[in-house]
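S.K.: When we follow this note's numbering, the leftmost residue of the sequence shown carries the number 118, and every step to the right adds one.
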Amino acid sequence: MSKEVINTNNSKQIGSIKLKYNIFDPEFNANPYPTYHRLRSEDPVHKYLIGGDWFVTRYADVKAVLRSGCIRTDDRPKLINERSKYLKNKEKNLDTLAYTTSKFLFYMNPPDHTRLRGLLVKTFSPVVIEQMCPFVQEIVDELLNKVRHQGSIDIVADLASPLSVKVISKLLGIPKEAQNQLHQWTNVLSRILDPLVSLEEYQRMNQATQEIQDYLRSLIHEREKNPQQDLISSLITVQEESDKLTQKEILAVCTLLFGAGEETTGNTIGNGILALLNHPEQMEQLKREPTKIQSAVEEIIRYDSAIQMITRIATDDLEIGNQQIKAGEKIVLCLGAANRDSAQFPNPDQLNINREQNHHVAFADNIHYCLGAALARLETQIAINTLIQELPNLKLARDKLEWRRNIAIRGLKALRLNFSIN
Numbered sequence: 118m119s120k121e122v123i124n125t126n127n128s129k130q131i132g133s134i135k136l137k138y139n140i141f142d143p144e145f146n147a148n149p150y151p152t153y154h155r156l157r158s159e160d161p162v163h164k165y166l167i168g169g170d171w172f173v174t175r176y177a178d179v180k181a182v183l184r185s186g187c188i189r190t191d192d193r194p195k196l197i198n199e200r201s202k203y204l205k206n207k208e209k210n211l212d213t214l215a216y217t218t219s220k221f222l223f224y225m226n227p228p229d230h231t232r233l234r235g236l237l238v239k240t241f242s243p244v245v246i247e248q249m250c251p252f253v254q255e256i257v258d259e260l261l262n263k264v265r266h267q268g269s270i271d272i273v274a275d276l277a278s279p280l281s282v283k284v285i286s287k288l289l290g291i292p293k294e295a296q297n298q299l300h301q302w303t304n305v306l307s308r309i310l311d312p313l314v315s316l317e318e319y320q321r322m323n324q325a326t327q328e329i330q331d332y333l334r335s336l337i338h339e340r341e342k343n344p345q346q347d348l349i350s351s352l353i354t355v356q357e358e359s360d361k362l363t364q365k366e367i368l369a370v371c372t373l374l375f376g377a378g379e380e381t382t383g384n385t386i387g388n389g390i391l392a393l394l395n396h397p398e399q400m401e402q403l404k405r406e407p408t409k410i411q412s413a414v415e416e417i418i419r420y421d422s423a424i425q426m427i428t429r430i431a432t433d434d435l436e437i438g439n440q441q442i443k444a445g446e447k448i449v450l451c452l453g454a455a456n457r458d459s460a461q462f463p464n465p466d467q468l469n470i471n472r473e474q475n476h477h478v479a480f481a482d483n484i485h486y487c488l489g490a491a492l493a494r495l496e497t498q499i500a501i502n503t504l505i506q507e508l509p510n511l512k513l514a515r516d517k518l519e520w521r522r523n524i525a526i527r528g529l530k531a532l533r534l535n536f537s538i539n
């Protein structure tokens with residue numbers, strides 16, 4: 118078998134296993150960056166004691182693995198099927214979740230990945246997304262007007278989450294009355310990326326997926342009779358005119374786009390506002406120079422990435438950072454750690470909206486570069502620029518912040534701010 122070479126003490130105890138780097142610790146969930154720093158400095162390609170996965174934390178190594186021809190995506194659908202064997206009720210299964218995730222782009226490999234991504238790429242091109250600017254601005258204005266005279270706003274519940282839901286719903290063609298329910302279902306499904314998922318959580322995700330798809334089937338049936346100018350209607354046309362797409366794939370694609378679109382953008386906006394509040398001089402500069410918003414958002418995405426980890430599997434023996442990785446072993450790419458690597462980013466723990474050559478890996482790279490990156494950027498730019506210009510003297514309403522329990526996706530449960538009422 119060939120081997121590719123990729124060049125590039127606060128211990129905790131879980132049961133009888135002593136962990137030097139503990140990703141199970143609530144402190145890691147709240148702030149993973151000190152642990153990332155220790156890993157990069159002490160053991161940048163670290164074999165985790167529980168599970169045996171390799172955690173890669175240096176920018177050069179992460180980038181090299183993303184571009185390697187000797188890796189494939191994590192086979193989460195296979196894992197889900199294996200976990201279903203342990204269900205106490207043998208009449209139950211996780212089949213819906215397993216099949217649906219097998220059609221999620223970030224779990225697919227060529228040629229199926231190439232085929233499905235090719236059907237979607239035009240919809241999410243920067244040129245098409247730019248045309249949504251007036252709609253996004255209208256939604257942001259509408260959301261801020263609701264709280265303008267209250268003197269307080271929850272960035273997550275009042276802005277970031279409803280904005281991302283409304284925008285992805287516009288693209289897909291989800292009617293207003295169904296959006297909140299879909300949001301609740303996909304919020305359950307967001308745990309799919311996390312490596313620490315219990316069997317009970319997989320059951321809840323399977324149930325949520327069934328409910329999402331029951332609704333989407335009825336919507337597809339409606340669009341078959343009455344097509345609209347939306348992505349669901351476009352996918353139905355592709356299905357009818359060729360053999361390139363099945364209805365099950367349409368269901369999976371729509372489930373992915375609704376959930377991923379909301380998660381990535383919503384968390385990026387919340388994380389970004391918090392980062393600016395913690396770097397007031399940067400917020401003041403952005404207020405004075407709103408044309409800096411593109412570089413500011415790029416820096417926000419680097420500084421506190423919504424997607425912290427993704428998993429790959431070695432298809433051949435690899436050498437990464439002087440560690441020998443065997444074919445079939447899992448490699449956890451810590452995107453959040455790579456984006457704080459001082460070898461790539463000077464003063465990485467400082468938010469710098471003037472940063473140049475900001476080639477972060479928050480959206481991954483290569484064929485699995487995030488399809489919705491342009492949309493996430495646009496929504497974040499408009500939301501943050503409008504917020505800091507329109508609501509004066511933004512301040513944290515409480516010191517303690519609660520982060521969502523998910524080490525792969527980083528986002529706040531709430532971000533309550535006070536502001537001055539004009």
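Yeah, the Cβ is synthetic: ideal placement off N, Cα and C, and Gly gets one too.
1. Along the alpha helix (DSSP H) that carries Glu436, what are the first and last residues, could you check?
2. Select from Glu247, Phe252, Arg193 and Cys250 the residue whose C-alpha is nearest the C-alpha of Phe223.
3. Let me confirm a value: Ala181 is counted as buried when at least 16 other C-beta atoms fall within 10 Å, else exposed. Which label applies?
4. What did DSSP end up calling Asn126 once you bin it into helix, strand or coil?
5. Are there 16 or more other CB atoms within 10 angstroms of the CB of Lys530, so buried, or fewer, so exposed?
6. Can you give, in chain order, each stretch of the beta strand (DSSP E) that sits fully within the region 235-302 and has at least 3 residues?
7. On a CA-only basis, which of Ile505, Asp433, Asp191 and Ser459 is nearest Ala392? Give me that one, please.
8. Put Gln364 into one of helix, strand or coil per three-state DSSP.
9. Between the alpha carbons of Ser281 and Phe221, how many angstroms are there, rounded?
10. Use the C-beta contact count for Ile427: other C-beta atoms within 10 angstroms, 16 or more gives buried, fewer gives exposed.
11. Using 10 angstroms around the beta-carbon of Cys451, count the other beta-carbons present and answer buried if the total reaches 16, otherwise exposed.
12. Between the Cα of Thr382 and those of Pro509, Asn148, Ala493 and Arg157, spot the shortest distance and give me the residue it belongs to.
13. Beta carbon of Ile424, beta carbon of Ile501: below 8 Å?
14. Beta strand (DSSP E) containing Met426: first to last residue?
15. For Leu204, name the three-state secondary structure that DSSP assigns.
16. Would you grab the beta carbon distance between Asn226 and Arg189 for me? Rounded to a whole angstrom, and I think it's under 8 Å.
17. I need the straight-line Cα distance from Gln130 to Phe145, nearest angstrom please.
18. Enumerate in chain order the residues of its own chain whose CB-to-CB distance from Arg110 is below 7 Å, with the five nearest sequence positions on each side excluded.
19. Which of the three DSSP states is assigned to Phe221 in this structure?
20. Check for me: the beta strand (DSSP E) holding Leu529 runs from which residue to which?
21. Find out if the Cβ-Cβ distance for the pair Gln211, Tyr332 is shorter than 8 Å.
22. Looking at the structure shown, is His163 part of a helix, part of a strand, or coil, going by DSSP?
23. Between the Cα of Gly169 and the Cα atoms of Gly445, Gln301 and Pro228, which residue gives the shortest distance?
24. Quick one: Cα of Ser537 to Cα of Pro292, how far?
25. What's the C-alpha gap between His163 and Ile337?
26. Is the region 347-359 close to the region 458-466, with three or more CB pairs under 8 Å?
27. Around the C-beta of Leu310, are 16 or more other C-beta atoms found within 10 angstroms, so that it is buried, or is it exposed?
28. Just how far apart, CA to CA, sit Arg321 and Leu373?
29. Excluding sequence positions up to five away, which residues of its chain have a Cβ less than 6 Å from the Cβ of Leu511?
30. Between the Cα of Asn388 and those of Glu507, Gln474, Gln327 and Leu518, spot the shortest distance and give me the residue it belongs to.
31. Just the C-alpha distance for Ile448 and Val173, rounded to the nearest angstrom, thanks.
M.R.: In brief:
1. That residue, Glu436, is in no alpha helix (DSSP H); its beta strand (DSSP E) goes Asp434 to Ile437.
2. Arg193
3. buried
4. A caution first: Asn126 carries a pLDDT of 40, below 50, which makes its placement in the model unreliable, though a value can still be read off. If DSSP states are grouped into helix, strand and coil, Asn126 belongs with coil.
5. exposed
6. 269-271
7. Ile505
8. helix
9. 19 Å
10. buried
11. buried
12. Ala493
13. no
14. Met426 to Ala431
15. coil
16. 5 Å
17. The pLDDT assigned to Gln130 is 48, lower than 50, so where the model puts this residue is not dependable; a value taken from the coordinates is nonetheless given after this. The straight-line gap from Cα to Cα measures roughly 14 Å.
18. It is not possible to answer for residue 110, since the shown part of the chain is limited to 118 through 539.
19. coil
20. Taken as a continuous stretch (DSSP letters only), Leu529 belongs to no beta strand (DSSP E), as it is neither H nor E.
21. For the record, residue 211 in the displayed sequence is Leu; it is not Gln. Not in contact: Leu211 and Tyr332 (Cβ atoms no closer than 8 Å).
22. strand
23. Gly445
24. 35 Å
25. 46 Å
26. no
27. buried
28. 17 Å
29. Leu534 and Phe536
30. Leu518
31. 7 Å
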